[in-house]
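Trainee: For the sequence shown, my numbering begins at -7 and goes up steadily by one.
Glycine residues also receive a C-beta, built at the ideal position from the N, C-alpha and C atoms.
Let me give you the structure first, and then I'll get to my questions.
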Amino acid sequence: MIALAPETSRIAARARAVDVLAAGGIETAALDARILVEEALGVTATDLALRGEAPIGPEGAARLAAFLARRAAGEPVARIIGAWEFWGLPFALSPETLVPRPDTETLVETALGLGLRRDGAHRLADLGTGSGCILVALLSEWPRAEGLGLDRSPGALRTARANAARNGVGDRAAFAAGDWAAALAGPFDLVVANPPYIASTIVDGLSGEVRDHDPRLALDGGSDGLDAYRAILAQVPPLLAPGGHLVVEIGYDQEAALRGLAAAHGLMPEVRRDLAGHPRVVVMAPRIAT
Ligand code: GLN
C-alpha cells in the first residue's frame, strides 16, 4: 500500500506518483502520474503549475494512493479514470466499452476523406458503437449529418448516448440495441464499424492490460477473428445509398481475408494503413454493374 501524508504538496505528490509507477515498471510513468494526480485531486494542469504547493488533503491522499495501487497492478489509466480522449474529444467509458484506440482515428480520417460534403445531411450508421467514439467524432466534423449507433450491450448504449450529448451531437445521434445491421433500414451514405476482430485463442494471450480490462465481447471475433465481418458484409450492401460506403477497421494481418470477403459480397475494397504502416482500414463500395 502506498502511504501519502495529507500535508504532502501537489507537486511532491506528483513526483512521488512518478516514482511509484516507474518502480512498478510502468513505461509511461510521468504521463500516467500527471493524469492520475489531476483526477485524484480534482485539479487541472494549470492548478498544478500555479498552486503546486497546496496540500493534497486526506481525501486527495486516499484517492491518489488507491489510483496508484491500481495502476501499478496493471490497470490502464483510462479504466481508472473512466474516461479517454479520442479525436480530441472527451469520452466516458464503462465496463462494457473498449478504450478508444489511436488506430481507430485512421478510420475517422478515412471516412472524412471519402469526399462527402462537410455540410451535407449525410446518414451514418456505426455498428458496434461501444463508447460511440467513431460516430460522435464524425458527427462533430459534419454538422448536418445524422447517425445511428448500434450495440448489443445496453451498458455501452447508455455510455454512447451520454458521450454524444456531452460532445454536443446528441440531437443528431440515436442509439439502439442491435446485432450488427440486422435491424437497420437504409439507405445510409456511410456505415462504419470497428468490430471485435481478434481470434478467440489469441485474446487469452493478449497483454493483461487489454485482456483483463477491455470487455471480451468487444475483442473476440470468433475462431478466426472474422465472424463480425461475415455478418456485417452479408447485411450492409443492400443498406447503402447510391455512392455509399462501408468502412471497417481490421487487424494488421486481415487485409487478404477482408479482400476475399469483400469480393464474395460484390464489394470493391480499398485498404488504408495506420501511422505504424499496418493495413488498418478497409473502404468498400458496391461494384458498379456494367
Ligand atoms: N466502435 C467502438 C470503438 O471503436 C467499439 C469497438 C469495439 O468494441 N470493438 O471504440
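Residues around the ligand GLN, please: the ones whose beta-carbon is closer than 6 Å to some heavy atom of it, in chain order.
Mentor: That gives Leu90, Pro92, Thr96, Gly120, Thr121, Gly122, Ser123, Cys125, Ile126, Asn186, Pro187, Pro188 and Ala210.
Trainee: Kindly indicate which residue of Gly236, Arg272 and Ala220 has the alpha-carbon position closest to the one of Leu253.
Mentor: When each option's Cα is compared against that of Leu253, the closest is Ala220.
Trainee: State buried or exposed for Tyr244, treating a residue as buried only when at least 16 other CB atoms are found within 10 Å of its CB.
Mentor: Answer is exposed; the Cβ neighbour count stays below 16.
Trainee: By the 10 Å Cβ neighbour count, where 16 or more other Cβ atoms means buried, how is Asp266 classified, buried or exposed?
Mentor: When all chains shown are included, Asp266 counts as buried.
Trainee: What whole-angstrom Cβ distance do Ile242 and Pro207 have, given they're in contact under 8 Å?
Mentor: In fact, because the Cβ distance is near 19 Å, the residues do not count as touching under 8 Å.
Trainee: When you compare only the Cα positions, how much space is there between Tyr189 and Asp118?
Mentor: Near 16 Å, if we compare the C-alpha coordinates of Asp118 and Tyr189.
Trainee: Hey, out of Ala177, Ala268 and Gly160, whose CA is closest to Leu131's CA?
Mentor: It is Gly160.
Trainee: From Leu209, Ala165, Gly124 and Arg153, pick the residue whose C-alpha is nearest to that of His114; which is it?
Mentor: Selected option, being the one with the closest Cα: Ala165.
Trainee: Nearest CA to the CA of Val44: which residue from Ala4, Ala58, Leu81 and Trp79?
Mentor: Reading the sequence as shown, one finds Gly at residue 44 and not Val. Per the Cα distances, Ala4.
Trainee: Let's test the definition: count the other Cβ atoms within 10 Å of the Cβ of Ala210 and tell me whether it reaches 16, buried, or not, exposed.
Mentor: Its Cβ being crowded by 16 or more others within 10 Å, Ala210 is buried.
Trainee: Mark Leu42 as exposed unless 16 or more other C-beta atoms lie within 10 angstroms of its C-beta, in which case mark it buried.
Mentor: It counts as exposed.
Trainee: Cutting at 7 Å between CB atoms, please list the residues of its own chain near Ala249, excluding the five before and the five after it.
Mentor: Here the set comprises Leu218.
Trainee: Going by the beta-carbon positions, is the gap between Asp181 and Ala255 smaller than 9 Å?
Mentor: No, these two residues do not count as a Cβ contact at 9 Å.
Trainee: So Glu77 is in the beta strand (DSSP E); what residue range does that whole segment cover?
Mentor: Element bounds for Glu77: Ala75 to Phe78.
Trainee: Taking 9 Å as the cut-off, decide whether the C-beta atoms of Pro138 and Leu104 are in contact.
Mentor: Before going further, note that residue 138 is Glu rather than Pro in the sequence given. Not closer than 9 Å, so no.
Trainee: Can you tell me which residues form a DSSP beta bridge with Arg329?
Mentor: The requested residue 329 is not part of the displayed model; the chain covers only -7 to 282.
Trainee: Please check the pair Ala32 and Arg55, which I expect to be a contact at CB under 8 Å, by giving their CB distance rounded to whole angstroms.
Mentor: Right, their Cβ atoms sit about 4 Å apart.
Trainee: Below 8 Å, can you find three or more Cβ-Cβ pairs linking the stretch 170 to 185 to the stretch 88 to 106?
Mentor: Cβ pair count under 8 Å is three or more, so yes.
Trainee: Hey, how far is the Cα of Ala177 from the Cα of Ala75?
Mentor: Roughly 32 Å between the two C-alpha positions.
Trainee: What residue ranges within the stretch 83 to 166 form continuous alpha helix (DSSP H) runs of no fewer than 4 residues, ordered along the chain?
Mentor: You should have 95 to 104, 125 to 133 and 146 to 158.
Trainee: To the nearest whole angstrom, what separates the beta carbons of Asp143 and Ala169, a pair I think is in contact under 8 Å?
Mentor: Contact holds; Cβ gap of about 7 Å.
Trainee: Using a threshold of 9 Å, state whether the C-beta atoms of Arg251 and Val263 are closer than that.
Mentor: Cβ distance < 9 Å, so Arg251 and Val263 count as in contact.
Trainee: Nearest to Asp259 by CA position, among Ala268, Gln246 and Ile224, is which residue?
Mentor: Looking at the sequence provided, one finds Leu at residue 259 rather than Asp. Comparing Cα positions, the closest option is Ile224.
Trainee: Around the C-beta of Pro229, are 16 or more other C-beta atoms found within 10 angstroms, so that it is buried, or is it exposed?
Mentor: Pro229 comes out buried.
Trainee: Go ahead and pull the three-state DSSP assignment for Val240.
Mentor: In the structure shown, Val240 sits in a strand (DSSP, three-state: E or B).
Trainee: Assuming Pro179 and Cys125 form a contact by the criterion Cβ under 8 Å, report the distance between their Cβ atoms to the nearest whole angstrom.
Mentor: Between Cys125 and Pro179 the Cβ distance is about 24 Å, and since that is not below 8 Å, they are no contact.
Trainee: Could you check the C-alpha separation between Leu127 and Gly197 for me, to the nearest Å?
Mentor: Cα-Cα distance, rounded: 30 Å.
Trainee: Going straight from the alpha carbon of Ala226 to that of Val273, what length do you get?
Mentor: Computed Cα separation, rounded: 18 Å.
Trainee: Are the CB atoms of Leu85 and Ser145 nearer to each other than 9 Å?
Mentor: Not a contact, by the Cβ cut-off of 9 Å.
Trainee: For Trp79 versus Gly120, is the C-beta distance shorter than 9 Å?
Mentor: No, Cβ-Cβ distance for Trp79 and Gly120 is not below 9 Å.
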